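Here the structure is laid out as structure tokens; the discussion comes afterwards.
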Amino acid sequence: MNLTELKASDYDKYVGLLTPIQKDQLVGRQYAPNSYFNPVLDGNQPPNWIISVEEMANCINPDFEWVKALPIIPWVAPAPPEPIETDATD
Amino acid sequence: MSWAKYKRLSSSKDLSIFRRGTTASDGGGGGGGNDPDAQAYIDALDAAGYTVSGAEETAINNHFLDLKGTGPNNSTYDWWTGIVRLLPFIGTNAAQQGIEGQNPASAINFYGGMTFSSIGAEGNGTNAYFDFFRPDELPDDYNNSIWVYSSIDRPTSGFQNKLYKALFDQSLGGVRYFANYEIDFVFDRMYSYHGDYANRFTSNLGQVPTTGGFFGTSRYNSKANGGGFNIYANGVQYTISNDILGVYNANTQHTPGLAQLQYGNVSSFSSLAFGYALITTGVSTTTEEAALRACVEAFMTALSRNV
Chain W
4 MNLTELKASD
14 YDKYVGLLTP
24 IQKDQLVGRQ
34 YAPNSYFNPV
44 LDGNQPPNWI
54 ISVEEMANCI
64 NPDFEWVKAL
74 PIIPWVAPAP
84 PEPIETDATD
Chain Z
69 MSWAKYKRLS
79 SSKDLSIFRR
89 GTTASDGGGG
99 GGGNDPDAQA
109 YIDALDAAGY
119 TVSGAEETAI
129 NNHFLDLKGT
139 GPNNSTYDWW
149 TGIVRLLPFI
159 GTNAAQQGIE
169 GQNPASAINF
179 YGGMTFSSIG
189 AEGNGTNAYF
199 DFFRPDELPD
209 DYNNSIWVYS
219 SIDRPTSGFQ
229 NKLYKALFDQ
239 SLGGVRYFAN
249 YEIDFVFDRM
259 YSYHGDYANR
269 FTSNLGQVPT
279 TGGFFGTSRY
289 NSKANGGGFN
299 IYANGVQYTI
309 SNDILGVYNA
319 NTQHTPGLAQ
329 LQYGNVSSFS
339 SLAFGYALIT
349 TGVSTTTEEA
359 ALRACVEAFM
369 TALSRNV
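Line order of the protein sequences matches chains W and Z.
Each number in this note's numbering comes from the position in the first sequence (counting from 1) with 3 added on.
Each number in this note's numbering comes from the position in the second sequence (counting from 1) with 68 added on.
Written as structure tokens, this is what we have:
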């Protein structure tokens, strides 16, 4: 599957798969004015570096046009841990 | 705004016309009778490529006046003097929605896949969040409040990517310490996180509402000195029994921002739409919170983004 085959209504179900090198290339870089890439690890084991489909679709920075061709994979969210309740005031 | 135009503007730093309290000389939204700060914000939107409608112009002007205590919905409280950040999220892209109302020469940044529409800046539940403030920008450790308006209701199911979270950080201890307060709604409970632990806020009015609307935290004095640190969710006040202290640790990536929760080594992101955000001095009573909420709700209604 690639970006052009995705409906906008399905954007939240999929993400773009990055290699570790591609992740390093995107950190701290803008894909549009006032908009920065934010690669994160997904919930797979082992985890994958991914960016959102929105970043791929809305990228207008010509230096990163290649993100539009990233492989599309289903989004697996990391499991948030239950908080440890305390009365401490450290 | 195109990428090429953005790069030209960024390189020339030609943004001086949006200094606070002035009106741009190159036209813009008009409205010669507007509050000067409201007009500067309208002009900045125009310069960023967004044409403010007449209804939006009236809504913006009324809300700026309301924040100053001279508007149609508030003639009592001054929330403008202590303002740190005002984000009305008007426009259709990040460059427009990021413009700061209190200082239109500045704009916040967004990260990940935020989307921008008439209801505000909407998270994707995957990796999107945005700047809100730097810890050293808060005016006073025990006199600050942080507010947001959610333009959509909280999802009632779907733990995977429909989390309802906002992150608030508040400074403590002058310049030495910064506590990390991440208010988490996902468990239908409210916590303030610090380190690996979480303090729970309580209310005798039940669980956190699932509807969107006006949410915030307010600290107006230490508990020991008769003050409080409260959370408000659509008018319901949540309290905590102690003064939470914690140390802001940049190494743990506890970055002040909205729509992100950082707990331990795990990040989670909101899928909410943020229609409004404000940081100002502390709100000390439920009466004052109700007055501020009425002003923000009037603003959201005028922009057709009320829940």
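C-beta atoms are modelled at their ideal positions from N, C-alpha and C, and glycine is treated no differently.
The structure presented is a predicted model; accordingly, all values stated were derived computationally and were not measured.
- Residues of the stretch 181-194 of chain Z that bring their beta carbon within less than 8 Å of a beta carbon in chain W comprise G181, M182, T183, N192, G193 and T194, in sequence order.
- When Cβ-Cβ separations below 8 Å define contact, N161 (chain Z) makes contact with chain W.
- Y14 (chain W) sits in a helix when the DSSP states are folded into three classes.
- M4 (chain W) counts as exposed, since fewer than 16 other C-beta atoms from the protein chains shown sit within 10 angstroms of its C-beta.
- DSSP lists Z:R287 as the bridge partner or partners of F297 (chain Z).
- With a threshold of 16 other beta carbon atoms within 10 Å, R373 (chain Z) meets it and is buried.
- The C-beta of A35 (chain W) comes closer than 8 Å to at least one C-beta of chain Z.
- In chain Z, no part has a C-beta under 7 Å from the C-beta of E68 (chain W); the shortest such distance is about 11 Å.
- Contact annotation, E190 (chain Z) with A341 (chain Z): C-beta distance approximately 4 Å; criterion of less than 8 Å satisfied.
- Contiguous alpha helix (DSSP H) elements confined to the stretch 119-161 of chain Z occur at 122-135, taking only those with 4 or more residues.
- Around the beta-carbon of I24 (chain W), fewer than 16 other beta-carbon atoms lie within 10 Å, marking it exposed.
- Here Q25 (chain W) carries a helix assignment [DSSP, helix/strand/coil].
- According to the DSSP assignment, N212 (chain Z) belongs to the beta strand (DSSP E) that extends over N212 to S218.
- As the crow flies, the alpha-carbon of I110 (chain Z) is around 13 Å from that of G166 (chain Z).
- Among the residues facing chain W, N293 (chain Z) is not included, as its CB has no counterpart in that chain under 8 Å away.
- F337 (chain Z) and D45 (chain W) have their C-alpha atoms spaced approximately 12 Å apart.
- Bounds of the beta strand (DSSP E) holding I347 (chain Z) are A341 to T348.
- For chain W, the residues of the stretch 166-182 of chain Z that bring a beta carbon within less than 8 Å of one of its beta carbons are G166, A175, I176, N177, F178, Y179, G180, G181 and M182, in chain order.
- S143 (chain Z) is classed as exposed because its beta carbon has fewer than 16 other beta carbons within 10 Å across all chains shown.
- When secondary structure is reduced to three states using DSSP, D199 (chain Z) falls in the strand class.
- Excluding its 5 nearest sequence neighbours in each direction, N211 (chain Z) has C-beta neighbours in its own chain below 8 Å: G150, R287, Y288, N289, T349 and G350, listed in chain order.
- Counting along the chain, the unbroken beta strand (DSSP E) around Q305 (chain Z) starts and ends at V304 to Y306.
- Around the CB of V30 (chain W), fewer than 16 other CB atoms lie within 10 Å, so the residue is classed as exposed.
- By the neighbour-count criterion, in which 16 or more other beta carbons inside 10 Å mark a residue as buried, W78 (chain W) falls on the buried side.
- In the three-state reduction of the DSSP assignment, T183 (chain Z) falls in the strand class, which pools E and B.
- Per the DSSP secondary-structure output, A35 (chain W) pairs in a beta bridge with W:S38.
- Counting only residues of its own chain and dropping the five nearest sequence neighbours on each side, I53 (chain W) has a CB closer than 8 Å to the CB of V18, G19, L20, L21, P42, V43, L44, D45, I76 and W78.
- Residues of the stretch 31-60 of chain W whose Cβ lies closer than 8 Å to any Cβ of chain Z, in chain order: A35, P36, N37, S38, Y39, F40, N41, P42, V43, I53, I54, S55, V56, E57 and E58.
- Residue pairing for I54 (chain W): DSSP places it in a beta bridge opposite W:G19.
- In the three-state reduction of the DSSP assignment, I63 (chain W) falls in the coil class, being assigned neither a helical nor a strand state.
- For P74 (chain W), there is no enclosing alpha helix (DSSP H), as DSSP marks it with neither H nor E.
- The bridge partners DSSP lists for L44 (chain W) are W:W52.
- At a cut-off of 8 Å between C-beta atoms, S335 (chain Z) counts as an interface residue with respect to chain W.
- Going by DSSP, A189 (chain Z) is part of no alpha helix (DSSP H) but of the beta strand (DSSP E) stretching over G188 to E190.
- Boundaries of the alpha helix (DSSP H) around E356 (chain Z): T354 to A370.
- Straight-line measurement puts the Cα of L135 (chain Z) at about 12 Å from the Cα of E356 (chain Z).
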